[in-house]
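Here the structure is laid out as C-alpha cells; the discussion comes afterwards.
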Ligand SMILES: [Zn+2]
C-alpha cells in the first residue's frame, strides 16, 4: 500500500533551504520536485493554512479565517482563539469545526489510517485531524489526551511530553522519540509530522539571527532522522515537505484596540499579527467611515470586504480571489508591508498587531508571507526538477487523493499538481496569466490606491499579493 508522509516546518521559506543551513532538506529537494511559486492562503497564519492543507479549500470555505476570529454561529460578541478547548466547545455547540470534510474524514471513509504528530499549537493539531473528537484516527499532541482504551497500541512515550522552551528542541525531539517507538507497521497510510520551528524562534528572536538559525538547523537534523527511520524500516512513502506561510520582519507594532476600538465601539477587531479581522457587533450597522479611517492610517495595507453585504467603492471583495463563506469577517485588513532588498534571507517587513519591532511575524498579504514552501519526493515523483507554475496549500489535498487513487470531491478549490508526477506529461513550463486589479479612493488627505495581484492557471486563481499606494 502506498503511504504518504507530510512533514511541516512552520514558517519555512523556500530560500531557507540551502546546503549550508539545511543540508538534509536541501538533499531532499535535490532528489525531489520543488514548487518555486508556492502560495499560502490569506490570512497567512498557521491555523487557516493548516485547514487549507487538509481541506483543499480557501479559508472562506473551510471557515477558519484566522488564528483568532469570531465564530458568529458560536457567539457573535466574542473573539475566540483557535485552540483545542475552544474548538471542542465550538463543536459541542454547533456540530462543526471545519465547514467541509477534511483529510481525516476522507481517509476514514476510505478505510485508511491517519496520524498527526504535532509540536505546535493545540489549535493547529485539532484542525489537522478533526476526527479525533470522535476518537477516530490519531493525534499526538501535548494538550490532547487520547482515550487509553481506544489507543492501547501506542507506545507509553506518547504521554511524556517534555517542557516546552524556545527554541523548541524538547518537543521536536520528542516527536522523533515517539516515531522511533512506533511499531514498524504503525506508520499510517497518511501521516503529518508538524514541527513548530523555525516559526517559534523567528517570532521570539527574529529572522536570520543566531538562535533562529540554530532552531532551523535543529529541525533540518530531525528531518534527516525521519529519513533515516524510514530507510531502517524499509518504508518508502511519498514525502511532502510543506510549510504554512512565509515571513516578514516587524517594522513597528500597532495597538489596534487603541487606534480603532475607542472611536469604533460597535466593532470587534480580531488580531492576527500581520492582519486583523473586523466584525460588526450584533444589532450594529456597518459604517463605511471605518474604512476611510483605516485607509488613512500609515500602518494599514489592503482592505478586503469579507462579503457582498459590505459593498464600498475603493476596496475589493474577497470573491475576487476566493469563495466567501458564512464565517468571513466584514473586513480583512492586511497591515502595510514593504520589500527589502539589502538583507540576506529577509525579504520584507510588515507592521504587526503583536510582538516587538525587529522580530518576525506573518499574517499579511505581502508576497514574502504568501510565498511558502512545498517540495515533494518519492517513487512516483519527478527527480531533481521544479516549476515556477503557481501552486497553493489548497492543492495539497487533491494531489494526495490522486496519489491514493481516491476520487476528488467536487467542492475542492485546489488543483492536482500533475506536473510533479513521474507518469504525467504535464508541462512544467506552461504559460499562466498574471493580472492586477487596481482601485483608487479619494481621501481628504490624498489618494489610496489598492492593487490585488493574481496569477491564473487553468482557471485556478492564486492570490500573489496585494499592495497599497497612498
Ligand atoms: Zn507564526
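In the working numbering, the protein residues as written are 3 to 472. Glycine included, each C-beta is placed from N, C-alpha and C at the ideal position. All of these numbers come straight from a predicted model, not from anything done at the bench.
**Prompt:** At which residues does the alpha helix (DSSP H) containing residue 89 begin and terminate?
**Reply:** Here the question's residue 89 lines up with position 87 in the chain shown. Segment 86-96, the alpha helix (DSSP H) holding residue 89.
**Item:** Three or more C-beta pairs below 8 Å linking the region 392-399 and the region 236-247
**Value:** Short answer: they touch.
**Asked** Do you know offhand how far residue 7's Cα is from residue 203's?
**Response** Numbered from its first residue, the chain shown carries residue 7 at position 5. Numbered from its first residue, the chain shown carries residue 203 at position 201. Taking the CA atoms as reference points, residue 7 sits about 25 Å from residue 203.
**Asked** Comparing alpha-carbon positions, which option in 167, 149, 89 lies nearest residue 130?
**Response** Mapped onto the chain shown, residue 130 falls at position 128. Nearest to residue 130 by alpha-carbon distance, out of 167, 149, 89, is 89.
**Prompt:** Assuming residue 468 contacts residue 304 under a Cβ cut-off of 8 Å, what Cβ separation, rounded to an integer in Å, is found between them?
**Reply:** For the purposes of this step, residue 468 is identified with residue 466 of the chain shown, where counting begins at 1. For the purposes of this step, residue 304 is identified with residue 302 of the chain shown, where counting begins at 1. At roughly 4 Å, the Cβ-Cβ gap stays under 8 Å, so residue 468 and residue 304 are in contact.
**Request:** Count the other C-beta atoms from every protein chain shown that fall within 10 angstroms of the C-beta of residue 45, then say buried if there are 16 or more, exposed otherwise.
**Result:** Taking the chain shown and counting its residues from 1, the one referred to as residue 45 is at position 43. Buried: at least 16 other Cβ atoms inside 10 Å.
**Three-pair Cβ contact test at 8 Å for the region 386-395 versus the region 36-55** = They touch, by the three-pair rule.
**Within 8 Å, strictly: CB atoms of residue 382 and residue 240** = Residue numbering aside, residue 382 sits at position 380 when the chain shown is read from its first letter. Residue numbering aside, residue 240 sits at position 238 when the chain shown is read from its first letter. Cβ distance < 8 Å, so residue 382 and residue 240 count as in contact.
**Request:** State yes or no: is the beta carbon of residue 462 nearer than 8 Å to at least one beta carbon in chain B?
**Result:** No chain B appears in this structure, which consists of one protein chain only.
**Request:** Let me know the secondary structure DSSP gives residue 59 once reduced to three states.
**Result:** Against the chain shown, residue 59 aligns to sequence position 57. Coil at residue 59, not helix or strand.
**Item:** Test item: CB-CB of residue 368 and residue 457 under 8 Å
**Value:** Residue numbering aside, residue 368 sits at position 366 when the chain shown is read from its first letter. Residue numbering aside, residue 457 sits at position 455 when the chain shown is read from its first letter. Not closer than 8 Å, so no.
**Asked** Taking three-plus beta-carbon pairs below 8 Å as touching, is the region 10-20 in contact with the region 190-204?
**Response** Between the region 10-20 and the region 190-204 there are three or more C-beta pairs closer than 8 Å, enough to call the two in contact.
**Prompt:** Taking 7 Å as the cut-off, does the CB of residue 170 come closer than this to any heavy atom belonging to ligand 1?
**Reply:** Taking the first residue of the chain shown as 1, we reach residue 170 at position 168. Result no, Cβ not under 7 Å from ligand 1.
**Asked** Would you call residue 143 buried or exposed, if buried means 16 or more other Cβ atoms sit within 10 Å of its Cβ?
**Response** Numbered from 1 along the chain shown, position 141 holds the residue referred to as residue 143. Counting every other CB atom within 10 Å of its CB across the protein chains shown gives residue 143 a total of 16 or more, marking it as buried.
**Asked** Considering residue 177, what are the terminal residues of the beta strand (DSSP E) in which it resides?
**Response** The sequence position of residue 177 within the chain shown is 175, counting from 1. Annotation for residue 177: no beta strand (DSSP E) segment contains it, though the alpha helix (DSSP H) segment containing it runs 171-183.
**Prompt:** Would residue 370 be called buried (16 or more neighbouring beta carbons within 10 Å of its own) or exposed?
**Reply:** The sequence position of residue 370 within the chain shown is 368, counting from 1. With 16 or more Cβ atoms within 10 Å of its Cβ, residue 370 is classed as buried.
**Request:** Would you check if the region 70-82 and the region 153-170 touch, i.e. whether three or more CB-CB distances between them fall below 8 Å?
**Result:** Contact fails: fewer than three Cβ-Cβ distances are below 8 Å.
**Item:** residue 34 - DSSP class collapsed to helix/strand/coil
**Value:** One-based indexing of the chain shown puts residue 34 at position 32. DSSP places residue 34 in coil when its eight states are reduced to three.
**Cα-Cα separation between residue 409 and residue 403, rounded to whole angstroms** = Working through the chain shown from its first residue, we reach residue 409 at position 407. Working through the chain shown from its first residue, we reach residue 403 at position 401. Straight-line spacing of the CA atoms in residue 409 and residue 403 works out to 7 Å.
**Prompt:** Are the CB atoms of residue 434 and residue 453 nearer to each other than 8 Å?
**Reply:** Residue numbering aside, residue 434 sits at position 432 when the chain shown is read from its first letter. Residue numbering aside, residue 453 sits at position 451 when the chain shown is read from its first letter. No, these two residues do not count as a Cβ contact at 8 Å.
**Request:** Identify every residue that forms a DSSP beta bridge with residue 219.
**Result:** As a working mapping, residue 219 is identified with position 217 in the chain shown. Residue pairing by DSSP leaves residue 219 without any beta bridge partner.
**Item:** Simplified DSSP assignment, three categories, for residue 139
**Value:** What you label residue 139 is simply residue 137 of the chain shown in a count that begins at 1. Looking at residue 139 - three-state DSSP - the assignment turns out to be coil, as it is neither helix nor strand.
**Prompt:** Thinking C-beta only, is residue 307 closer than 8 Å to residue 319?
**Reply:** Counting from 1 along the chain shown, the entry for residue 319 is found at position 317. Counting from 1 along the chain shown, the entry for residue 307 is found at position 305. The Cβ atoms of residue 319 and residue 307 lie closer than 8 Å to each other.
**Prompt:** Thinking C-alpha only, which one of 48, 183, 227, 107 is nearest residue 26?
**Reply:** Taking the first residue of the chain shown as 1, we reach residue 26 at position 24. Nearest of 48, 183, 227, 107 to residue 26, Cα basis: 227.
**Request:** With a threshold of 7 Å, establish whether the CB of residue 48 neighbours any heavy atom of ligand 1.
**Result:** The residue you call residue 48 lines up with position 46 of the chain shown. For ligand 1, at least one heavy atom lies less than 7 Å from the Cβ of residue 48.
**Prompt:** How about residue 201: is its Cβ closer than 7 Å to a heavy atom in ligand 1?
**Reply:** On the chain shown, position 199 is the one that residue 201 refers to. Yes, ligand 1 has a heavy atom inside 7 Å of this Cβ.
**Asked** Quick one: what does DSSP say residue 49 is sitting in, helix, strand or coil?
**Response** Counted from its first residue, the chain shown places residue 49 at position 47. Helix at residue 49.
**Inter-stretch contact (C-beta, 8 Å, three-pair minimum) for the region 124-140 and the region 93-108** = Taking 8 Å as the limit for Cβ pairs, the verdict is that the region 93-108 does touch the region 124-140.
**Asked** Within 10 angstroms of its Cβ, does residue 113 collect 16 or more other Cβ (buried), or is it exposed?
**Response** Counting from 1 along the chain shown, the entry for residue 113 is found at position 111. Per the 10 Å Cβ criterion, exposed.
**Message:** Using the Cβ count rule (16 or more neighbours within 10 Å means buried), how would you classify residue 264?
**Reply:** Numbered from 1 along the chain shown, position 262 holds the residue referred to as residue 264. Residue 264 should be labelled exposed.
**Asked** Considering only residues of the same chain and omitting the five flanking positions on each side of residue 322, which have a CB-CB separation below 7 Å?
**Response** Within the chain shown, the letter at position 320 stands for residue 322. Same-chain partners within the cutoff: 439, 454.
**Message:** Rounded to the nearest angstrom, what separates residue 138 and residue 57 at their Cα positions?
**Reply:** Within the chain shown, the letter at position 136 stands for residue 138. Within the chain shown, the letter at position 55 stands for residue 57. Those two C-alpha atoms are separated by around 17 Å.
**Prompt:** Regarding residue 208 and ligand 1, is the C-beta to nearest heavy atom distance less than 7 Å?
**Reply:** Taking the first residue of the chain shown as position 1, residue 208 is located at position 206. No.
**Message:** Measuring only from the beta carbon, is residue 373 closer than 7 Å to any heavy atom that is part of ligand 1?
**Reply:** Here residue 373 is taken as the residue at index 371 of the chain shown, counted from 1. No.
**Asked** Nearest-angstrom Cα distance between residue 166 and residue 427?
**Response** For the purposes of this step, residue 166 is taken as the residue at position 164 of the chain shown. For the purposes of this step, residue 427 is taken as the residue at position 425 of the chain shown. For residue 166 and residue 427, the distance between alpha carbons rounds to 46 Å.
**Prompt:** When DSSP labels each residue in this structure, what does residue 453 get in the three-state scheme?
**Reply:** Here the question's residue 453 lines up with position 451 in the chain shown. In the structure shown, the three-state DSSP call for residue 453 is strand.
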